[in-house]
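Colleague:
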Amino acid sequence: MNTIRQAAVAGTFYEASKESLVRDVRDLLSQVKEPAEGTPCPKALIVPHAGYLYSGSTAAAAYITLRRHAAVITRVVLLGPVHRVPVNGLALPDAQAFATPLGVIEIDQDAVRSLAGLPQVVVSGAAHQAEHSLEVQLPFLQNVLGSFKLVPLAVGNASNGQVAEVLNRLWGGPETVIVISSDLSHFHKYDQARQIDQETVQRILHGVPLYTYDQACGATPINGMILAAKQHGLIPSLVGFCNSGDKVANRDSVVGYASFTYTDPSTAKDVPLDDAVERGKIMLSIARASISTALGNPCTADESAGWLQERGAVFVTLHKNGKLRGCIGSFTPYRRLLEDIKANARAAAQLDRRFQPVTLAELPELQIEVSQLFQHKPLTFSSEADAIGQLQGGVDGLIFEFNQHRSTFLPQVWEQLPDPRQFMAQLKIKAGLPQDFWSESIRLLRYRVHKWAEKPASGG
11 MNTIRQAAVA GTFYEASKES LVRDVRDLLS QVKEPAEGTP CPKALIVPHA GYLYSGSTAA
71 AAYITLRRHA AVITRVVLLG PVHRVPVNGL ALPDAQAFAT PLGVIEIDQD AVRSLAGLPQ
131 VVVSGAAHQA EHSLEVQLPF LQNVLGSFKL VPLAVGNASN GQVAEVLNRL WGGPETVIVI
191 SSDLSHFHKY DQARQIDQET VQRILHGVPL YTYDQACGAT PINGMILAAK QHGLIPSLVG
251 FCNSGDKVAN RDSVVGYASF TYTDPSTAKD VPLDDAVERG KIMLSIARAS ISTALGNPCT
311 ADESAGWLQE RGAVFVTLHK NGKLRGCIGS FTPYRRLLED IKANARAAAQ LDRRFQPVTL
371 AELPELQIEV SQLFQHKPLT FSSEADAIGQ LQGGVDGLIF EFNQHRSTFL PQVWEQLPDP
431 RQFMAQLKIK AGLPQDFWSE SIRLLRYRVH KWAEKPASGG
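Shown next as structure tokens:
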């Protein structure tokens with residue numbers, strides 16, 4: 011007999027009437043920026059699950075990234091933590107469909123059958139009956155995707171590996187999108203919550219598992235997603251961040267919210283060659299203006315180009331009299347390119363611990379270089395020798411990751427370290443590990459850069 015799991019939190023977390031709910035979701039989506047045409051479709055999202063008044067705008071910032079790809083996406087794998095009924099493992103519902111005021115969504119029975127034999131997957135209608143963490147995502151998905159099939163999993167007591175195993179079983183191709191539902195910290199004062207949540211955001215962006223449910227109620231599905239993303243070479247980006255104190259007057263006890271996308275970096279667009287020179291001029295001028303302003307001499311640059319609003323990752327390098335004076339950057343594209351250039355330019359001038367902060371008097375003597383990172387691709391290797399043998403000297407930038415140890419060398423570093431073995435050894439030292447360290451858990455990503463540099467300062 012076909013059974014439908016009826017909406018449990020319509021009228022509390024979101025509007026119960028179809029007309030009001032359609033209006034609210036459309037209004038929330040209209041208030042966030044849609045990615046440019048040609049932007050790759052995310053493989054996965056992390057989104058909050060509070061009432062739409064509180065976290066709807068943050069969730070919308072992630073869901074808008076799916077709208078241009080609705081014709082391709084036919085299945086959504088949805089994971090959220092249980093709040094009311096304890097579960098050992100990950101629970102499928104005993105229903106054949108889920109209903110919201112916007113209509114009925116069919117459960118993908120083929121996908122359900124594909125999970126047969128996994129001991130961590132159980133069936134529990136009770137776990138789903140009143141659970142809001144999954145339900146509140148459905149109206150957004152119905153709006154941006156239209157018709158799709160659903161695989162809902164209520165996550166209880168499970169290991170990171172067990173969650174990742176389920177995600178890998180359901181991974182599919184471009185027709186499948188994964189959605190992880192989670193809020194961040196709960197019931198702290200506003201400033202304390204911001205501090206906790208900013209640390210949590212950084213852990214997610216750097217692929218470091220969460221260690222407590224105080225960081226996120228959905229820590230278990232998030233950790234499973236972090237592990238699966240590493241296995242598939244996906245890159246996370248932060249697209250929304252706030253807490254309930256940003257939406258209502260009470261800041262004495264707030265709940266944090268963030269939304270992320272996970273994207274395959276090999277599908278990212280490269281800089282058009284006929285546009286690269288002009289882009290470089292703009293980025294260099296923004297970097298110099300940002301440093302000058304940070305040093306107390308306000309300066310502006312042209313920030314009107316639309317591509318500056320796309321996500322991007324840059325390193326800003328400073329030289330003085332031909333010698334390094336500072337270098338700070340982003341490993342992966344997790345914020346707008348404009349923000350990344352400004353922040354890393356200021357950091358290179360003021361926060362590189364190897365050097366004293368740059369002074370305003372030095373600024374005319376600095377040569378600024380901006381390197382934009384592209385085409386992040388994970389290396390598959392059986393040993394250190396195998397990994398080293400795959401490196402292309404002078405071409406590849408390399409990111410090294412082992413647990414919380416992380417470092418990178420831009421392709422420019424090959425000029426100082428042309429021997430691939432020394433390149434790898436120094437990269438491990440930079441990550442805080444011995445040069446002869448090796449582990450099967452090491453993760454390596456190579457990338458390419460476009461580099462733009464000012465002409466060397468004349469020195470007076």
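Per the numbering used here, the sequence shown runs over residues 11 to 470.
All C-beta atoms in this analysis are idealised placements derived from N, C-alpha and C, irrespective of residue type, glycine included.
1) Using CA atoms only, rank isn't needed, just tell me which of Ala-69, Val-131, Gly-135 is closest to Thr-13.
2) Going by DSSP, name the residue or residues bridged to Ile-245.
3) Which one of Gln-414, Gly-255, Leu-334 has the shortest CA to CA distance from Glu-375?
4) For Glu-425, count neighbouring Cβ atoms within 10 angstroms of its own Cβ and tell me buried if that reaches 16, exposed if not.
5) Can you say whether Gly-250 is buried or exposed, counting buried as having 16 or more other CB atoms within 10 angstroms of its CB?
6) Quick one: what's got a C-beta closer than 7 Å to Asp-350's C-beta in the same chain, skipping five residues either side?
7) Going by DSSP, what residue range makes up the alpha helix (DSSP H) through Lys-438?
8) With a threshold of 6 Å on Cβ separation, who are the neighbours of Ala-239 within its own chain once the five nearest residues in sequence on each side are excluded?
9) Report all residues from its chain with a CB closer than 6 Å to the CB of Arg-77; omit the five preceding and five following residues, and keep chain order.
10) May I ask you to report which of helix, strand or coil DSSP gives Ala-101?
11) Run through DSSP, which three-state label would Val-264 get?
12) Taking 8 Å as the limit between beta carbons, can you name the residues of its chain near Ala-80, skipping five residues before and five after?
13) Taking C-alpha atoms, which residue in Ser-381, Ile-378, Glu-372, Gly-407 lies nearest to Leu-389?
14) Starting from the N-terminal side, write out each stretch of the alpha helix (DSSP H) that is 4 residues or longer and does not extend beyond the region 82-141.
15) Whose C-beta lies closer than 6 Å to the C-beta of Gly-470 among residues of the same chain, with five residues either side of it excluded?
16) Based on the DSSP output, what are the partners of His-216 in its beta bridges?
17) Identify whether Trp-424 lies in helix, strand or coil by the three-state DSSP scheme.
18) Quick check: the Cα distance between Arg-364 and Gly-336, rounded to an integer number of angstroms?
19) So with Cβ pairs under 8 Å, would you call Asp-262 a contact of chain C?
20) Distance check for Thr-110 and Gln-16, CA to CA, integer angstroms please.
21) Got a sec, what are the start and stop residues for the beta strand (DSSP E) Val-459 sits in?
22) Using a threshold of 8 Å, state whether the C-beta atoms of Val-19 and Glu-145 are closer than that.
23) Leaving out five residues before and five after Leu-361 in sequence, what residues of the same chain have Cβ atoms less than 7 Å from its Cβ?
24) Which of the three DSSP states is assigned to Thr-186 in this structure?
Modeller: Here's the rundown:
1) Your numbering for residue 13 matches position 3 in the sequence shown. Distances from the alpha-carbon of Thr-13 to those of Ala-69, Val-131, Gly-135 put Gly-135 closest.
2) What you label residue 245 is simply residue 235 of the sequence shown in a count that begins at 1. According to DSSP, which records beta bridges pairwise, Ile-245 is partnered with Thr-273.
3) One-based indexing of the sequence shown puts residue 375 at position 365. Closest by alpha carbon: Leu-334.
4) Along the sequence shown, one-based indexing puts residue 425 at 415. So Glu-425 ends up on the exposed side.
5) As a first step, residue 250 must be located in the sequence shown, where it is residue number 240. By the Cβ neighbour-count rule, Gly-250 is buried, with 16 or more other Cβ atoms within 10 Å of its own.
6) Here residue 350 is taken as the residue at index 340 of the sequence shown, counted from 1. Here the set comprises Gly-322, Ala-323, Val-324, Ser-340.
7) One-based indexing of the sequence shown puts residue 438 at position 428. Counting along the chain, the alpha helix (DSSP H) containing Lys-438 begins and ends at 430-440.
8) Against the sequence shown, residue 239 aligns to sequence position 229. When the five nearest sequence neighbours on each side are left out, the beta carbons in the same chain lying within less than 6 Å of the beta carbon of Ala-239 are those of Tyr-272, in order along the chain.
9) Indexing the sequence shown from 1 puts residue 77 at position 67. Spatial neighbours of Arg-77 in its own chain (CB-CB distance under 6 Å, excluding positions within 5 residues in sequence) are listed in chain order as Val-154.
10) In the sequence shown, the residue the question calls residue 101 occupies position 91. Here Ala-101 sits in strand by DSSP.
11) Translated into the one-based positions of the sequence shown, residue 264 becomes position 254. Val-264 sits in a strand when the DSSP states are folded into three classes.
12) Looking up residue 80 in the sequence shown gives position 70. These residues qualify, in order along the chain: Val-154, Leu-155, Gly-156.
13) Reading the sequence shown from its first residue, position 379 is the one you call residue 389. Looking at the Cα atoms, Gly-407 is the closest of the given residues.
14) Runs of the alpha helix (DSSP H) inside the region 82-141: 119-124, 135-139.
15) By 1-based counting over the sequence shown, the position of residue 470 is 460. Annotation note: pLDDT 44 at Gly-470 (below 50); position unreliable, no value reported.
16) Residue numbering aside, residue 216 sits at position 206 when the sequence shown is read from its first letter. In the DSSP assignment, His-216 forms no beta bridge with any residue.
17) Here the question's residue 424 lines up with position 414 in the sequence shown. Looking at Trp-424 - three-state DSSP - the assignment turns out to be helix.
18) Along the sequence shown, read from residue 1 onward, the residue named residue 364 stands at position 354. Along the sequence shown, read from residue 1 onward, the residue named residue 336 stands at position 326. Roughly 8 Å separates the two Cα atoms.
19) Considering every chain present, this structure includes no chain C. It has just one protein chain.
20) By 1-based counting over the sequence shown, the position of residue 16 is 6. By 1-based counting over the sequence shown, the position of residue 110 is 100. Roughly 7 Å between the two C-alpha positions.
21) The residue labelled residue 459 in the question sits at position 449 within the sequence shown. Residue range 453-463 is occupied by the beta strand (DSSP E) that includes Val-459.
22) The sequence position of residue 19 within the sequence shown is 9, counting from 1. The sequence position of residue 145 within the sequence shown is 135, counting from 1. Note that the C-beta distance between Val-19 and Glu-145 is below 8 Å.
23) Residue numbering aside, residue 361 sits at position 351 when the sequence shown is read from its first letter. Counting only residues of its own chain and dropping the five nearest sequence neighbours on each side, Leu-361 has a CB closer than 7 Å to the CB of Ile-338.
24) Residue 186 sits at position 176 when you count from the first residue of the sequence shown. In the three-state reduction of the DSSP assignment, Thr-186 falls in the strand class, which pools E and B.
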